[in-house]
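Quick note, my numbering runs 780 ahead of the 1-based positions in the sequence shown. Note that beta-carbon positions come from the ideal geometry of N, C-alpha and C, so glycine has one too.
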Amino acid sequence: MKLSDIDLNLFVVFDAIYTEGNLTRAGEIIGITQPAVSNSLSRLRNLFDDPLFVRTAEGMVPTPVAQNIVGSVRQALGLIRSSVQESEAFDPTVSDKRFRVSMTDLSQSIVLPYLFGQIKKEAPNISIDCYHVRRRDMNIELASGNLDLAVDIPLTPDQQIRQAPLFSHPHVCVVRENHSTIRNELDLDSYLSLNHIHISSRRGGLGHVDLALGKMGRRRQITLRTQHYLATPELVSKTDLALTVPRVFAEFLGSRLPVKYLELPFEVPNLETYLYWHESTDKDQANRWMRELILSLPAKLPWS
781 MKLSDIDLNL
791 FVVFDAIYTE
801 GNLTRAGEII
811 GITQPAVSNS
821 LSRLRNLFDD
831 PLFVRTAEGM
841 VPTPVAQNIV
851 GSVRQALGLI
861 RSSVQESEAF
871 DPTVSDKRFR
881 VSMTDLSQSI
891 VLPYLFGQIK
901 KEAPNISIDC
911 YHVRRRDMNI
921 ELASGNLDLA
931 VDIPLTPDQQ
941 IRQAPLFSHP
951 HVCVVRENHS
961 TIRNELDLDS
971 YLSLNHIHIS
981 SRRGGLGHVD
991 LALGKMGRRR
1001 QITLRTQHYL
1011 ATPELVSKTD
1021 LALTVPRVFA
1031 EFLGSRLPVK
1041 YLELPFEVPN
1051 LETYLYWHES
1061 TDKDQANRWM
1071 RELILSLPAK
1081 LPWS
């Protein structure tokens, strides 16, 4: 088999199918029709003499052969993409590039207003698609090029994912201004007497606050567990529920609602936030420009 006899675009299709597990979505990502994806998959199957993907109720599942080659395919595509990007000039004042960035709702509520303020000064035609990619999918999304950047807690990405520290914020306890029992100080017994809101993307398990209390042999009463920070502002401002969150979010709430925040009467590790990107975009001028813009935000945010 000669390399010159192989259509390298087939590997772009292979990567898209592997990432999406669906022929229609794979076609949408790379800009071709579903029949064209099916035709490319048929050619790939002939090339490797293997089905590569098997249709199941959960989608197109890769065979062992596909699993064995996907790493090399993505590395090769990354090198090609990087070579092309290095030769492309990027002028933010005229570019109409659309960046795809993964952020939690906390990061979106805090970062986006200031990020867009900077963008509109330097690059009025730039756009952003902002959504939260599941952490287990982040490496794949960055490697495939479906995602340009991600902002998230400390993770253990693969060797091809680059990272840089972004924020580090202590936790505080937020209650409404006219709370029925809490005034301007908070001791441990008072904290434990409260009914708490717990924010976690997981369905169960303990967070940093509960682990810290557990080390002391103490436990708080969690009345509400939610996955989203932005589900909590009205709740904490209109009830006696308490909310333990990073101070950056507490100050954000305090500037908009009748709430106050108090220092915790015990030690909890800071919330650490990192910026992630794939190594293939290290030298991409557009990606570098957006990285530098995001990494400059801590010095500009009033709550940093």
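Do residue i and residue j have their CB atoms nearer than 8 Å?
i       : j       : result
Pro945  : Glu1072 : no
Asp1062 : Arg880  : no
Tyr1041 : Ser889  : no
Pro1038 : Glu957  : yes
Ile962  : Thr1006 : no
Asp1020 : His959  : yes
Gly807  : Gly839  : no
Gln814  : Leu832  : no
Could you please give the first and the last residue of the uninterrupted beta strand (DSSP E) stretch that includes residue i?
i       : result
Leu1044 : Looking at the DSSP string, Leu1044 is not in any beta strand (DSSP E), and its letter there is neither H nor E.
Pro1038 : Segment: none, Pro1038 is in no beta strand (DSSP E) and carries neither H nor E.
Thr1003 : 1001-1006
Write down the C-beta distance between residue i and residue j rounded to the nearest angstrom, noting that I regard them as a contact closer than 8 Å.
i      : j       : result
Val845 : Val817  : About 19 Å; that fails the 8 Å criterion.
Arg878 : Asp909  : 6 Å
Asp871 : Asn1067 : Between Asn1067 and Asp871 the Cβ distance is about 14 Å, and since that is not below 8 Å, they are no contact.
Asp797 : Leu821  : Sequence check: residue 797 is Ile here, not Asp. Contact holds; Cβ gap of about 7 Å.
Leu895 : Leu1077 : 6 Å
For residue i, decide whether its Cβ has a neighbour in chain D, counting only Cβ atoms nearer than 8 Å.
i      : result
Tyr911 : Protein chains in the displayed structure number just one, and chain D is not present.
Use the C-beta contact count for residue i: other C-beta atoms within 10 angstroms, 16 or more gives buried, fewer gives exposed.
i       : result
Ala856  : exposed
Phe1032 : buried
Leu788  : exposed
Glu1043 : exposed
Arg854  : buried
Val874  : exposed
His988  : exposed
Gly811  : exposed
Going by DSSP, what residue range makes up the alpha helix (DSSP H) through residue i?
i       : result
Asp795  : 789-800
Pro1013 : 1013-1018
Arg888  : Residue identity check: residue 888 is Gln in the sequence provided, not Arg. Unbroken alpha helix (DSSP H) run through Gln888: 885-902.
Thr804  : 803-810
Take every Cβ of the region 977-997, pair it with every Cβ of the region 916-927, and state whether three or more of those distances are shorter than 8 Å.
no
Taking contact to mean 3 or more Cβ pairs, one atom from each stretch, closer than 8 Å, check whether the region 814-834 and the region 951-962 are in contact.
no
On the three-pair Cβ rule with 8 Å, is the region 1014-1033 touching the region 927-941?
no
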